[in-house]
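S.K.: Quick note on numbering that gives the first Met the number 0: the sequence shown kicks off at 0 and runs consecutively.
Sending over a structure as structure tokens; questions will come in a sec.
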Amino acid sequence: MESGSSSSSKEYDVIVLGAGVEGSSTAYNLTKNGGGRVLLLEQFSALHTRGSSHGGSRITRRAYTKAYYIKMMDEAYRMWDQIEREGKTQLYLDTGLLMFGPKSSHCLQDAIRCLAESGTPHNRLSAQQVMSKYPSQLYLPFNHEGVFEKDGGLLMATKAVATLQRLFIENGGEFLDGHKVKEITPGPIIRVTTDQGVFTARRLIITAGAWAPAIMATLGVHLPFKVCRTEVLYWKAEEPKDFSWENFPAFICYTDSEDPYYHVYGLPIYEYPGLVKICFHTNHNEVDPDARDALPGPSTTDLVRPFVQRHFKGVQTTPSIYEACMYTESPDEDPVLDRHPLYPNIIMGAGFSGHGFKLAPVVGKILTELALDLPSSYDLAPFRLDRFTWQSPAKL
0 MESGSSSSSK EYDVIVLGAG VEGSSTAYNL TKNGGGRVLL LEQFSALHTR GSSHGGSRIT
60 RRAYTKAYYI KMMDEAYRMW DQIEREGKTQ LYLDTGLLMF GPKSSHCLQD AIRCLAESGT
120 PHNRLSAQQV MSKYPSQLYL PFNHEGVFEK DGGLLMATKA VATLQRLFIE NGGEFLDGHK
180 VKEITPGPII RVTTDQGVFT ARRLIITAGA WAPAIMATLG VHLPFKVCRT EVLYWKAEEP
240 KDFSWENFPA FICYTDSEDP YYHVYGLPIY EYPGLVKICF HTNHNEVDPD ARDALPGPST
300 TDLVRPFVQR HFKGVQTTPS IYEACMYTES PDEDPVLDRH PLYPNIIMGA GFSGHGFKLA
360 PVVGKILTEL ALDLPSSYDL APFRLDRFTW QSPAKL
């Protein structure tokens, strides 16, 4: 990608700020839907590892505890397929998804209910049926159950972001990395000043991940988000073939909220030879995103280890690789997809709470519709800014 510089203002129809998966998808959607001259700006190098979109794998699934996500995922699957065909590259592996946990888990029961109500194909399994299906891999207590979703699987994360950026450029978009934003000046024509140049546009879309709350605060909107660093852990399998993506699914364990290892997720061997990905979705350490590498925080290993010991066979109980990922968590775990309350030509997409990657094509479509004043394809009530208590526009 180009690390450009400019000493004078360069004009665009839309600027997208932040080139993670949400920003890259939005930029791609804009060039597919008449967005005009589109600039994608990134403060770090292209495909950097400091945010939330890097790495080899993410879970994809229709199974959610909120019905509107299941509807969005129906389209997301179709859009990922279209991106694969346009990019002439594979981004999705059909591993299937296994959700399991105690029968008393409200999250598990809500997910099963939403799958049934939406007509999504799935198989409900007793603990014994799960263990019969994965005899060399899993142990579930008798009071547990599982549900298998065939279409669940694995998205190749960094490869997907790279593909979206490549298609955006091929469609006529411009991508500049290494441009840290210094100032945003609102108005009918928005002025974006970076450390390398000045750019103007009629529309600005902010998809800056962990940096979005600080950027929005400079524009008078104080998002009630927590910026967190979480550890991504990879554990060695004694028999790698048992945990290959052909033989073992992506999984989510929903227990009860008071359980010390509530909501653990994982993926089969794919990113690293012989290593299974098993991680917490919760229990994150709040950080300043600019100091993220210097603040490792307390390790989650001692919390995940009992889960591995309890449920997994043939997996060593000390992780082999530790990586970091940023979560930008909203209070209800739903993002904000909305316009600025005073400057409607500034649109924001932020607060994806660790589960936005799979939804990125639809998020890009929604943000494109907001930027181009098109009718929305979805009811955006769950994603409106005003659902939170925040500083009123009259006081901005």
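Just so you know, even glycine gets a beta-carbon here, dropped at the ideal spot from N, CA and C.
Excluding the 5 residues preceding and the 5 following Asn170 in the sequence, name in chain order all residues of the same chain whose CB lies nearer than 8 Å to its CB.
M.R.: Once the five neighbours on either side are set aside, the close Cβ partners of Asn170 are Tyr27, Thr30 and Lys31.
S.K.: Mapping DSSP to helix, strand and coil, what is His143?
M.R.: Three-state result, His143: strand.
S.K.: Determine, using beta-carbon pairs with one atom in the region 170-187 and one in the region 240-257, whether at least three such pairs fall under 8 Å.
M.R.: With the cut-off at 8 Å, the region 170-187 and the region 240-257 do not touch.
S.K.: For the beta strand (DSSP E) containing Pro101, name the first residue and the last one.
M.R.: Segment Leu96 to Pro101, the beta strand (DSSP E) holding Pro101.
S.K.: Run through the DSSP bridge pairs and tell me what Tyr233 is partnered with.
M.R.: Beta-bridge pairing links Tyr233 to Lys276 and Ile320.
S.K.: Within a Cβ cutoff of 6 Å, which residues of the same chain sit near Phe356, ignoring the five residues on either side of it in sequence?
M.R.: So the list reads Val20 and Arg57, once near-sequence residues are dropped.
S.K.: Could you tell me which whole beta strand (DSSP E) segments of length 3 or greater appear in the region 310-376?
M.R.: Runs found: 320-328, 335-338 and 345-349.
S.K.: Could you pull out every unbroken beta strand (DSSP E) segment of at least 3 residues lying fully inside the region 127-181, listed in chain order?
M.R.: As far as the region 127-181 is concerned, its whole beta strand (DSSP E) runs of at least 3 residues are 143-148, 152-154 and 173-175.
S.K.: By DSSP, does Leu92 sit in helix, in strand, or in coil?
M.R.: DSSP places Leu92 in strand when its eight states are reduced to three.
S.K.: Just curious, the beta strand (DSSP E) that Arg201 is in, first and last residue?
M.R.: Unbroken beta strand (DSSP E) run through Arg201: Val197 to Ile205.
S.K.: Quick one: grab the DSSP three-state call for Val226.
M.R.: Strand at Val226.
S.K.: Quick check: the region 185-205 against the region 75-85, are there 3 or more CB pairs under 8 Å?
M.R.: Verdict: no, contact absent.
S.K.: With Ile214 as the anchor, note down where its alpha helix (DSSP H) starts and where it stops.
M.R.: Run containing Ile214: Ala211 to Thr217, per the alpha helix (DSSP H) assignment.
S.K.: Measuring CB to CB, does Met347 end up less than 8 Å from Ala211?
M.R.: Yes, the pair counts as a contact, with Cβ atoms nearer than the cut-off.
S.K.: Any idea if Pro259 is buried or exposed, counting beta-carbon neighbours within 10 angstroms, 16 or more meaning buried?
M.R.: Its pLDDT being 47, under 50, Pro259 is placed unreliably by the model, and the measurement read from it follows with that caveat. Exposed, since its Cβ has fewer than 16 Cβ neighbours within 10 Å.
S.K.: Got a sec? Which residues, its chain only, sit under 8 Å from Leu90 by beta carbon, not counting five neighbours each side?
M.R.: Within the same chain, Leu90 has close Cβ partners Trp79, Ile82, Glu83, Leu154, Met155, Lys158, Ala159 and Thr162.
S.K.: Between the alpha carbons of Ala45 and Ser352, how many angstroms are there, rounded?
M.R.: Going from the Cα of Ala45 to the Cα of Ser352 covers about 22 Å.
S.K.: Flag Ile277 as yes if its beta-carbon sits less than 8 Å from any beta-carbon of chain C, otherwise no.
M.R.: Absent from the structure: chain C. Only one protein chain is present.
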